[in-house]
Structures are given as C-alpha cells and as structure tokens.
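Asker: Quick one: structure below, then a few questions.
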Amino acid sequence: MTEEKVLSFDGEELQKYEPNRYPFLFIDRVTECVPGKYAKGYKNLSNNEWFFPKHYPGHPIMPAAVQTEALSQMITIAFTTMDEIDDINVEGANWKAKFIKEIRPGDRLDIVAEVISYRRGIGKGAAKGYVDGDLACEVEVTLVIPSILNKYRPKKVEKNAER
-6 MTEEKVLSFD GEELQKYEPN RYPFLFIDRV TECVPGKYAK GYKNLSNNEW FFPKHYPGHP
54 IMPAAVQTEA LSQMITIAFT TMDEIDDINV EGANWKAKFI KEIRPGDRLD IVAEVISYRR
114 GIGKGAAKGY VDGDLACEVE VTLVIPSILN KYRPKKVEKN AER
C-alpha cells in the first residue's frame, strides 16, 4: 500500500500550480491537497477586493462569476499537482454552478474541491464553497489540459504529392 502525498502551500508555491495571478487569483492558501483526488483551501475576502466597490455599492457581494472562478481554481490545483501533469495551463468548459448564500467583505470562503474523473488530459471536478460552515456556492466543471490532450490527437498523414 502506497502512502498518499499530502501537500499544503500558498504564495509562490501556489503559483506553480495555478496560472492566474493578481487580481485574478482567488485562492489565498491550499491547506490540504492530495494530487489527483482533492484540494482544500480558502480565500479571505476584505473590503479591498477590486470587485466589491461596484458589486454593489452599499451592499457589496462577491460576484457569481468570481465565486465560480475561485472554486474552479481549487479544482485546477487538484489536477495540476498530479505528477504526470507538467503544464498548468488549463481550459474550462461545461460549467454547472449554484449560488446559495451571499459572500461579503470579511467572510472567509472555504473551498473543498474533488476530482471526479481524469483521462488523457480531460478531467471533471466539483467544488463547494462554505462561509461559516454553511454552503454558499458549488460548481462542477470539465477541465482540459491542451498540452496533454494534444499527445492523443490523431497524427495527420501527409498525402504523397506524386502518384
């Protein structure tokens, strides 16, 4: 029986596994990650977030698109920490999301992401976001890692110019 590798990181090390940077990096810390299985972490939300002043004045809440992105970034980390993946550039498709509770300045968004399936550069993952232990949002997404997917594309056969 092999022992699972459990990771935890933030800052510079986080950037090895997630391609987004400020102001589009929506994870502060990964507290626990078993590559290819799951990742857990959080985002602390302050009044200084770039989206709060306009969404909405007098009643700031985290936009749904940003919630979806934060959860998707944690799913990405569950994939990109796998040993066989050496490219952190991923593309997302087939989003399914639910938004249950407002997320406001001062909240900490705890994120739990899991890998549902992975094969040949295509993966499916799900994540849930919690505020004070209550479910606030959830997302399911299909991720594609182009550099791996390209290895499995059929090769083009060049036609012979002379017959």
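Residue numbers (my numbering): -6 to 156.
Quick reminder that beta carbons are idealized off the backbone N, C-alpha and C, glycines included.
Tell me which residue opens and which closes the beta strand (DSSP E) that VAL215 is part of.
Answerer: Absent from the structure is residue 215, since the part of the chain shown begins at -6 and ends at 156.
Asker: Do the CB positions of ILE93 and ALA129 come within less than 7 Å of each other?
Answerer: Cβ distance < 7 Å, so ILE93 and ALA129 count as in contact.
Asker: In three-state terms, what does DSSP make of VAL(-1)?
Answerer: Coil at VAL(-1), not helix or strand.
Asker: Of the choices ASN40, VAL137, TYR10 and ASN143, whose alpha-carbon is the least far from that of CYS26?
Answerer: Closest by alpha carbon: TYR10.
Asker: Along the beta strand (DSSP E) that carries GLU42, what are the first and last residues, could you check?
Answerer: First-last for GLU42: undefined, no H or E at that position.
Asker: Going straight from the alpha carbon of GLU131 to that of ALA58, what length do you get?
Answerer: Computed Cα separation, rounded: 12 Å.
Asker: Considering only the alpha carbon of each residue, which of GLN66, SER65 and ASN41 lies closest to ILE54?
Answerer: Ranking the options by Cα distance to ILE54, first place goes to ASN41.
Asker: Check whether the stretch 63 to 81 and the stretch 114 to 128 are in contact - that is, three or more C-beta pairs closer than 8 Å.
Answerer: A contact exists between the stretch 63 to 81 and the stretch 114 to 128.
Asker: Is TRP88 near VAL137, with beta carbons less than 7 Å apart?
Answerer: It is not a contact, given that the beta carbons lie outside the stated cut-off.
Asker: If you draw a straight line from the C-alpha of VAL124 to the C-alpha of ARG22, how long is it?
Answerer: Computed Cα separation, rounded: 16 Å.
Asker: What is the rounded straight-line gap between the Cα of TYR31 and the Cα of PHE2?
Answerer: Their backbone Cα atoms lie some 14 Å apart in a straight line.
Asker: Exposed or buried, what is VAL83 when buried is set at 16 or more other beta-carbons lying within 10 Å of its beta-carbon?
Answerer: The residue is buried, with at least 16 neighbouring Cβ atoms inside 10 Å.
Asker: In whole angstroms, give me the CA-to-CA distance for GLY211 and GLY116.
Answerer: Within the shown structure, residues of the chain are numbered from -6 to 156, placing residue 211 beyond reach of any answer.
Asker: So what does DSSP say about LYS117, is it helix, strand or coil?
Answerer: Strand, per DSSP.
Asker: With a threshold of 8 Å on Cβ separation, who are the neighbours of SER110 within its own chain once the five nearest residues in sequence on each side are excluded?
Answerer: GLY116 and LYS117.
Asker: Do you know offhand how far GLN8's Cα is from ASP80's?
Answerer: Each residue's alpha carbon lies about 12 Å from the other.
Asker: Here's the rule I'm using: 16 or more other beta-carbon atoms within 10 Å means buried, otherwise exposed. How should VAL108 be labelled?
Answerer: Buried, since its Cβ has 16 or more Cβ neighbours within 10 Å.
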